[in-house]
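Residue numbers (my numbering): 11 to 337. Each residue gets a CB set at the ideal place from its N, CA and C atoms; glycine is no exception.
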């Protein structure tokens, strides 16, 4: 049953500190009104939120920030060319089972003990969807498998009743079978596992997980998949003044007074120019990630603010110009 927006917490439009989570370093995020409403709408519709935008525009961090704002568990799965939809559900360590079988063959074991030790469930580890659908059974399965697979690290005080956010990053790197299989799993609210008597299903009393899916548009996604998603397009302004103003705002959010005011402006101006040059060559230009990298270089190598402008002129080319100059 879809939930009215009035029952879904508002997303704060203020600076949100993001503590370290696993391999994710500490950061800070500020929701704009559009992305905050997109998150709330996806929660209300109980549909995935597909986030489109150029690389480095903050698509992945949006999911992490949503988890922090909502007090939910955050799980991230990065898709690659060989990813399959089953990988998001469960994984089976066939090589580990074969190795154990060969090792047991060199010793005298009874048939019952062999069957017990080589039980397929001992080599089955939960995938990301298993964890967000049914945390207790995923935890039991991970323990039965002897700790195979990584266990997500929930925030302090979290319980499954708080819900979860699943980030499926760069889905456009996979073949069409993955988004189609994901659509079926999310639509059914569960999936089957070969060696279990019951399906893994979302518990009725638990909040529907918020699934955030990102794409860099490297490959066209199936039309049926897109229709079943809510879509957020992260666009940068096409006007130079508006573009640089937004960059400066994002830079100040991360570095505050550690960076000279003119460095914010000059770095944004350089990035705009390099984007125009890349566009003339038909290439992907630098964006927010490169801008923040450049500011990080400046504040790290020149902590004295008065020395930062001179340093910027020396290091800007390394952070922003990713392609050979045009002839």
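Assigned with DSSP and collapsed to three states, residue 24 falls in coil, not helix or strand.
Rounded to the nearest whole angstrom, the CA to CA distance from residue 124 to residue 44 is 58 Å. Burial is judged here by how many other beta carbons sit within 10 angstroms of a residue's own beta carbon; residue 179 has at least 16 and is buried.
Using a 10 angstroms sphere on the CB of residue 141, the tally of other CB atoms reaches 16 or more, which defines it as buried. Residue state for residue 217 is assigned as coil, using DSSP reduced to three classes. Excluding five sequence positions before and after residue 280, the CB atoms of its chain that fall closer than 7 Å to its own CB belong to 326, 330, given in chain order. Counting C-beta pairs with one atom in each stretch, the segment 201-213 and the segment 34-51 have fewer than three that are closer than 8 Å, which means they do not touch. The beta-carbon separation of residue 89 and residue 181, rounded to 5 Å, stays under the 8 Å limit for a contact.
Counting C-beta pairs closer than 8 Å gives three or more between the segment 49-69 and the segment 235-255, which meets the contact rule. In this structure, the straight-line span from the alpha carbon of residue 185 to that of residue 118 is close to 46 Å.
Residue 219 sits close to residue 173, with the two beta carbons spaced by under 8 Å. A Cβ-Cβ contact shorter than 8 Å links residue 175 with residue 82.
Sixteen is the threshold: when 16 or more other Cβ atoms of the shown chains lie within 10 Å of the Cβ of residue 69, as they do, the residue is buried. In the DSSP assignment, the residues bridged to residue 86 are 177. DSSP assignment within the segment 283-314 yields the following whole alpha helix (DSSP H) runs of 4 residues or more, N-terminal first: 298-311. Between residue 146 and residue 189, the C-beta gap is not smaller than 8 Å, which leaves the two residues out of contact.
Its Cα nearest to that of residue 328, the residue 296 stands out among 317, 217, 296, 313. DSSP places residue 49 within a helical segment (H, G or I) once states are collapsed to three. Per the Cβ contact rule, the segment 310-327 is in contact with the segment 263-280 (3 or more Cβ pairs under 8 Å). DSSP places residue 244 outside both helix and strand once states are collapsed to three, so it counts as coil. For the pair residue 74 and residue 139, the CB atoms are not nearer than the 8 Å cut-off. For residue 39, the secondary structure class from DSSP, reduced to helix, strand or coil, is strand.
In its chain, beyond the 5 residues on either side, 163 have a beta carbon closer than 7 Å to the beta carbon of residue 32. As DSSP reads the structure, residue 222 sits in a beta bridge with 59, 177. In this structure, residue 21 and residue 79 form a Cβ contact; the two beta carbons are roughly 5 Å apart against a cut-off of 8 Å. In its chain, beyond the 5 residues on either side, 132, 133, 134, 135 have a beta carbon closer than 7 Å to the beta carbon of residue 155. When secondary structure is reduced to three states using DSSP, residue 134 falls in the strand class. In this structure, residue 114 lies away from residue 101, with their beta-carbon atoms at least 8 Å apart. Within the same chain, 305, 309 come within 7 Å of residue 265 by CB-CB distance, once the 5 residues on both sides are set aside.
Each residue's CA atom was taken as its position, placing residue 207 and residue 112 some 28 Å apart.
Of the other Cβ atoms in all chains shown, 16 or more fall within 10 Å of the Cβ of residue 225; this residue is therefore buried. Under the DSSP assignment, residue 101 falls in the beta strand (DSSP E) whose first and last residues are 100-102. The residue from 168, 144, 195 with its alpha-carbon nearest to that of residue 212 is 144.
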